[in-house]
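Counting along the sequence shown from 1, when you hit position 102 you're at 1056 in the working numbering, and nothing is skipped either side.
Written out below as structure tokens is the structure these notes cover.
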Amino acid sequence: MAIPHLVAHRGFMDQYPENTLIGIETAFQCGGCYVEFDVQCTADGKFVVFHDTELERTTGVSGNVFEMTQKELKKIRAHEPNRFSLAFFNQRIPTLEEVVRLLQHYPKVTAFIEIKEESLQQFGIKNIMPALLKQLEIIHQQCVIISFDAAAINYVKDHSDFQAGWVLNNYDDETFSKANQLKPEYLIINHRKIPTNEAPWQGEWHWMIYDVTDPELAIHYASHNIPLIETRDICSMLEHPVLALNTCQHDL
955 MAIPHLVAHR GFMDQYPENT LIGIETAFQC GGCYVEFDVQ CTADGKFVVF
1005 HDTELERTTG VSGNVFEMTQ KELKKIRAHE PNRFSLAFFN QRIPTLEEVV
1055 RLLQHYPKVT AFIEIKEESL QQFGIKNIMP ALLKQLEIIH QQCVIISFDA
1105 AAINYVKDHS DFQAGWVLNN YDDETFSKAN QLKPEYLIIN HRKIPTNEAP
1155 WQGEWHWMIY DVTDPELAIH YASHNIPLIE TRDICSMLEH PVLALNTCQH
1205 DL
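Here it is in structure tokens:
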């Protein structure tokens, strides 16, 4: 039986605010070996771990990431008040530097780090990517840099030896042709876009799909040559006796 590896989507976001230090570390503490999180660029050219460009959904306050400095954003709580009320009121928007430090304490973890398309469009690939690669160099062996933006993946392949993953909008012949040109180490897609009961395109890449919360469905996809399953509910999924066989014991 093929046993998939689970990837914590924005940390253990089912039970904790997404892209927060507590949500990411909890995913590791329950045995997660892989994590995915999002990176946006701030007005002063620095990086925060955050999904949206607008602050409202996850912070409860108005504002735009691109119009604020990292120092200003660091003061804002990322506690998802609509979901969790005040339960995680002490959680703030993490800087990328803080999450890098956390990953250094968990060297067995592989991080899929998504540089958001909106930041690339706002500031330009040539302004974003060199700074991102430099900041991640210290955890080089733990990183896969991912993006929906094919040009960003091309930049990673041309200017570094970081592993890269292309997140797909579509599953069609044009995308398949582009994937063969890019040659990323990973292809990533919403599981609903892959034809049912069909093994995905073969190539020199590994597949990762999102967002699966059913353990049996994860096992089903693993049998169709999809080794990585991204889930918002990693700790609950790892309670399944089969999925629990692929956990990491972290020595702290």
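Virtual Cβ for every residue (Gly too), placed ideally from N, Cα, C.
If you're wondering where the values come from, they're calculated on a predicted model, not measured in any experiment.
- If you look at E1170, you'll find it in the alpha helix (DSSP H) that goes P1169 to A1176.
- Straight-line spacing of the CA atoms in S1073 and L1090 works out to 17 Å.
- From the listed residues P1035, L1136, N1036 and C1097, the smallest Cα separation to P1061 is found for C1097.
- Inter-segment contact for the segment 1012 to 1020 and the segment 1102 to 1110 is absent: fewer than three beta-carbon pairs are separated by less than 8 Å.
- The beta carbon of R1031 sits closer than 7 Å to those of T1013, F1043, Q1045 and R1046, all from its chain and outside the five residues before and after it, given in chain order.
- In this structure, Q1058 and I1093 form a Cβ contact; the two beta carbons are roughly 6 Å apart against a cut-off of 8 Å.
- Only residues of its own chain outside the window of five on either side were considered, and among them L1087, L1090, H1094, C1097, V1098, I1099 and V1110 have a CB closer than 8 Å to the CB of F1116, listed in chain order.
- Straight-line spacing of the CA atoms in P971 and V961 works out to 16 Å.
- DSSP places I1079 within a helical segment (H, G or I) once states are collapsed to three.
- Residue environment for A1065: buried (at least 16 other C-beta atoms within 10 angstroms of its C-beta).
- The C-beta of Q1024 has 16 or more other C-beta atoms within 10 Å across all chains shown, which makes the residue buried.
- Membership of S1101 in the beta strand (DSSP E) is indicated by the continuous run C1097 to S1101.
- At least 9 Å separates the beta-carbon of G1017 from that of V989.
- By the C-beta criterion, the segment 1155 to 1168 is judged to be in contact with the segment 1133 to 1146, since at least 3 inter-stretch pairs fall below 8 Å.
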